[in-house]
Amino acid sequence: MAIRVKLTKSPIGYPKDQKAALKALGLTKMHRVRELADNPAVRGQIAKVAHLVTVEEAK
283 MAIRVKLTKS PIGYPKDQKA ALKALGLTKM HRVRELADNP AVRGQIAKVA HLVTVEEAK
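When we follow my numbering, the leftmost residue of the sequence shown carries the number 283, and every step to the right adds one.
Below, the structure written as structure tokens:
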């Protein structure tokens with residue numbers, strides 16, 4: 283299974299650890315979309331920045 287993550291809100295003004303989580307997910311620019319493996323590590327990073335991204339199941 284895979285999930286699709288899109289950066290929908292700018293991380294400017296948010297803590298460094300949240301910016302680092304976005305970088306680890308590969309979301310370095312606005313509206314960038316990444317398909318990632320659905321595992322606990324990725325889910326944890328997404329939970330940390332849930333207010334900045336949208337998540338959907340990849341087809």
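All C-beta atoms, glycine included, are put in the ideal place defined by N, C-alpha and C.
- Close CB contacts of Ala303 within its chain, under the 6 Å cut and outside five residues either way in sequence, are with Gln327, Lys330 and Val331 (chain order).
- Note on geometry: alpha-carbon atoms of Tyr296 and Glu317 lie some 24 Å from one another.
- Following the DSSP letters along the chain, one finds Arg325 in no beta strand (DSSP E) but inside the alpha helix (DSSP H) bounded by residues Pro322 to Lys330.
- Leu334 carries a coil assignment under DSSP once its states are collapsed to helix, strand and coil.
- With a beta-carbon spacing of about 6 Å, Val315 and Arg286 fall inside the 8 Å limit used to define contacts.
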